[in-house]
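Quick note: the sequence shown uses the working numbering, first residue 7, plus one each step.
The structure appears below as structure tokens.
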Amino acid sequence: MNNLLRQLSIKTRLIVSFLLLNLILIGVGLYGKQNTNTINDMLNDMYLNILTPITDVANANMQAIYHNRSLFDYVIEPTQSGMDKIARDMDLHEQKMAALLDKYRATQLSEPEKLALADFDRAWPLYKEAAHKAMAASYANDNDSAIKLMKGEAATTFQVVDDLLSKLVDINQGLGKQAFDESDVIASDITTATYTILAISVLLSLLLGWLLSGSINQPLLAIMQDLQQLAQGRLTAPDQAEGNDELTRMQQAMISTRRSLRDIVSTMQHAAESLTASASQLGAAAEQVNTSSQQQSLATANTAASVEELTTSVSQLSSFANQANSVVMQSGEIAQAGEKQVKHASQEVLRVTTAVNDSAKQVQGLFDDITRISQISVMIQGVADQTNLLALNAAIEAARAGDMGRGFAVVADEVRTLAARTTQATQEINEMLTSIQQGATSAVKGMNACSDSMSTVRETTEGSSETMAQVDQSSRKVVELIQEISSMLHEQAAASQLIAQSVEEITQMSLENVSAAESVNHDASQLTTIIQQLNQGIGFFKV
Numbered sequence: 007m008n009n010l011l012r013q014l015s016i017k018t019r020l021i022v023s024f025l026l027l028n029l030i031l032i033g034v035g036l037y038g039k040q041n042t043n044t045i046n047d048m049l050n051d052m053y054l055n056i057l058t059p060i061t062d063v064a065n066a067n068m069q070a071i072y073h074n075r076s077l078f079d080y081v082i083e084p085t086q087s088g089m090d091k092i093a094r095d096m097d098l099h100e101q102k103m104a105a106l107l108d109k110y111r112a113t114q115l116s117e118p119e120k121l122a123l124a125d126f127d128r129a130w131p132l133y134k135e136a137a138h139k140a141m142a143a144s145y146a147n148d149n150d151s152a153i154k155l156m157k158g159e160a161a162t163t164f165q166v167v168d169d170l171l172s173k174l175v176d177i178n179q180g181l182g183k184q185a186f187d188e189s190d191v192i193a194s195d196i197t198t199a200t201y202t203i204l205a206i207s208v209l210l211s212l213l214l215g216w217l218l219s220g221s222i223n224q225p226l227l228a229i230m231q232d233l234q235q236l237a238q239g240r241l242t243a244p245d246q247a248e249g250n251d252e253l254t255r256m257q258q259a260m261i262s263t264r265r266s267l268r269d270i271v272s273t274m275q276h277a278a279e280s281l282t283a284s285a286s287q288l289g290a291a292a293e294q295v296n297t298s299s300q301q302q303s304l305a306t307a308n309t310a311a312s313v314e315e316l317t318t319s320v321s322q323l324s325s326f327a328n329q330a331n332s333v334v335m336q337s338g339e340i341a342q343a344g345e346k347q348v349k350h351a352s353q354e355v356l357r358v359t360t361a362v363n364d365s366a367k368q369v370q371g372l373f374d375d376i377t378r379i380s381q382i383s384v385m386i387q388g389v390a391d392q393t394n395l396l397a398l399n400a401a402i403e404a405a406r407a408g409d410m411g412r413g414f415a416v417v418a419d420e421v422r423t424l425a426a427r428t429t430q431a432t433q434e435i436n437e438m439l440t441s442i443q444q445g446a447t448s449a450v451k452g453m454n455a456c457s458d459s460m461s462t463v464r465e466t467t468e469g470s471s472e473t474m475a476q477v478d479q480s481s482r483k484v485v486e487l488i489q490e491i492s493s494m495l496h497e498q499a500a501a502s503q504l505i506a507q508s509v510e511e512i513t514q515m516s517l518e519n520v521s522a523a524e525s526v527n528h529d530a531s532q533l534t535t536i537i538q539q540l541n542q543g544i545g546f547f548k549v
């Protein structure tokens with residue numbers, strides 16, 4: 007069975023398994039649906055053909071009882087109008103009873119029910135006839151006869167009717183009991199069958215899962231064994247893979263990988279043989295390094311004499327350099343003093359700049375105050391004009407009104423208010439003028455300070471000029487010493503040329519030595535790495 011499943015892909019196996027499980031579930035569901043429909047049909051039949059008829063027959067029996075009780079009321083009723091009303095009620099009860107029995111007849115009736123209904127159909131007219139006789143006697147005021155008929159013939163026939171209706175109720179109750187017992191048996195059978203089908207479905211599912219897991223687990227175990235052998239370096243496992251699924255293709259890939267590793271190990275064995283040639287090349291390079299080293303020693307000896315001459319000249323040059331250093335140090339000190347004076351001059355210039363800026367700000371403030379004075383002057387002019395106008399109007403009106411001019415007191419008050427505003431504006435103008443004067447005074451002081459600072463700057467500049475003159479003299483002495491040093495350097499030129507030639511030869515040989523040494527080191531490093539890798543690789547795998 008596993009070999010047959012191995013011919014299918016895992017995807018196909020899973021799909022088929024899921025389809026089978028779904029078919030089983032669908033079958034179980036359809037069977038349950040069928041059983042549910044059966045039980046539902048039984049319940050509907052019990053309700054429509056048993057429970058509902060019992061209710062209808064019981065209600066019809068109650069209507070018959072109401073009809074019989076109305077007959078008693080009719081007999082004892084003293085008035086004819088009351089008798090007519092009771093007669094109508096009796097007809098209504100009879101109609102309701104007939105409607106309920108017609109509804110009952112429309113259901114599925116058993117033979118006992120049909121026989122009981124036939125007996126009822128014969129008994130009811132007899133009761134109605136006896137009731138009509140009693141009603142006629144009562145209507146004719148023959149109460150004794152009416153009561154006798156009611157208790158005699160009418161009561162006897164009604165008892166038959168009541169017994170027949172009660173018998174119908176009993177028959178339907180028996181049918182209901184029988185239907186209930188049958189439904190209980192059917193439900194028990196359905197439950198047993200359902201459990202049986204579920205058990206079979208579970209067993210089939212377990213069997214299907216066992217077969218499916220076995221078809222997947224077995225090749226997985228084989229793949230794990232191959233991987234373990236490969237991890238341990240064993241390349242001697244048999245190259246066998248049966249089947250047509252994904253796991254078989256994985257086994258085939260493992261076999262291909264194992265074959266490739268075998269080829270790699272063989273290649274590494276051949277590579278080990280080529281290491282001997284690399285060792286020979288390293289020996290030749292080592293000999294070349296030795297020869298170049300000897301030549302480098304001879305060239306170094308020739309360079310020693312030239313180096314000695316160069317040392318003597320360098321000593322003299324050092325003496326002159328020391329003298330030049332002293333002079334330069336003096337020049338540096340003088341230059342530092344000059345630098346300090348220049349810094350001081352810079353500070354003074356900064357002060358002048360600050361003072362000038364302050365003066366500019368104060369002058370700008372003066373201009374602003376002048377602008378405000380102009381605005382206030384305009385306002386004063388307007389107030390004065392309005393004051394004159396109001397005063398003129400007040401005078402004219404007061405003259406015209408005479409004693410009635412008291413109302414112009416308001417105008418006089420307004421005039422006084424405007425006069426007060428004029429006074430206040432005049433005071434503001436005076437304050438502004440005072441501020442302008444103070445600003446002008448501050449500006450004058452600032453300009454004086456600026457003038458003083460400029461004088462200081464001129465004096466500082468003169469001191470700096472003298473200092474720089476001293477620096478110039480010291481610099482000339484330095485130039486003379488440098489000229490003497492230059493002549494000494496010319497004498498060193500010849501010796502430097504010899505040294506340069508020797509150094510060039512030494513450099514060339516050194517380069518050759520370095521190149522050879524690098525080649526030797528590189529080859530040795532590669533050889534060591536290859537040998538280690540080959541030893542580890544070949545020692546790990548077992549072909």
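For glycine and all other residues, C-beta sits at the position ideal for the given N, C-alpha and C.
Residue nearest to residue i in terms of C-alpha spacing, selected from the options
i: L236; options: D251, S221, M260 and G220; result: M260
i: P59; options: R255, G249, G182 and E339; result: G182
i: R111; options: Q444, S280 and F126; result: F126
i: H99; options: P84, S76, T85 and S87; result: S76
i: P118; options: A129, Q381, S325 and V175; result: V175
i: L171; options: L121, D195, A160 and I192; result: L121
i: Q539; options: L57, T273 and K17; result: T273
i: N436; options: Q347, D375 and Q507; result: D375
i: E248; options: E486, R12 and G545; result: R12
i: Q392; options: T423, I177 and D364; result: T423
i: V550; options: H276, L26 and I16; result: Look at the range of the chain in this structure, 7 to 549, and you will see that residue 550 is not part of it.
i: T113; options: R128, E293, A407 and D62; result: D62
i: G411; options: A400, E420, V421 and D419; result: A400
i: N178; options: L123, R128 and T163; result: L123
i: T263; options: A283, D232, E293 and H276; result: D232
i: T318; options: A405, D150, E497 and Q443; result: E497
i: L356; options: D269, Q336 and A455; result: A455
i: M396; options: D409, E420 and A407; result: Per the sequence shown, residue 396 should be read as Leu rather than Met. Nearest option by C-alpha distance: E420.
i: Y72; options: D97, G88 and L57; result: D97
i: S211; options: N250, F24, K173 and T535; result: F24
Endpoints, the alpha helix (DSSP H) within which residue i is located
i: L170; result: A161 to A237
i: L11; result: N8 to R12
i: Q101; result: Q86 to R111
i: N65; result: T58 to I82
i: S151; result: N149 to L155
Beta-ladder partner(s) of residue i, from DSSP
i: R128; result: The partner list for R128 (beta bridge, DSSP) is empty, contrary to what the question assumes.
Cβ-heavy atom distance, residue i to the ligand GTP, below 7 Å
i: A401; result: This structure does not include the ligand GTP; it has no bound ligands of any sort.
Three-pair Cβ contact test at 8 Å for the region 183-192 versus the region 215-225: The region 215-225 and the region 183-192 do not touch, with fewer than three beta-carbon pairs separated by less than 8 Å.
Touching by the beta-carbon criterion (3+ pairs, under 8 Å), the region 95-108 and the region 60-69: Taking 8 Å as the limit for Cβ pairs, the verdict is that the region 60-69 does touch the region 95-108.
Segment contact flag, the region 136-154 with the region 85-99, C-beta cutoff 8 Å, min 3 pairs: Touching, yes, given that three or more Cβ pairs across the two stretches are closer than 8 Å.
Any 3 or more C-beta pairs closer than 8 Å across the region 142-159 and the region 79-88: By the C-beta criterion, the region 142-159 is judged to be in contact with the region 79-88, since at least 3 inter-stretch pairs fall below 8 Å.
Three-pair Cβ contact test at 8 Å for the region 247-257 versus the region 35-47: At 8 Å Cβ cutoff, the stretches do not touch.
Stretch-stretch touch, CB-based, cutoff 8 Å, three pairs: the region 10-24 with the region 218-230: With the cut-off at 8 Å, the region 10-24 and the region 218-230 touch.
Three CB pairs or more closer than 8 Å across the region 199-208 and the region 146-159: By the Cβ test, the region 199-208 is not in contact with the region 146-159, since fewer than three Cβ pairs between them sit closer than 8 Å.
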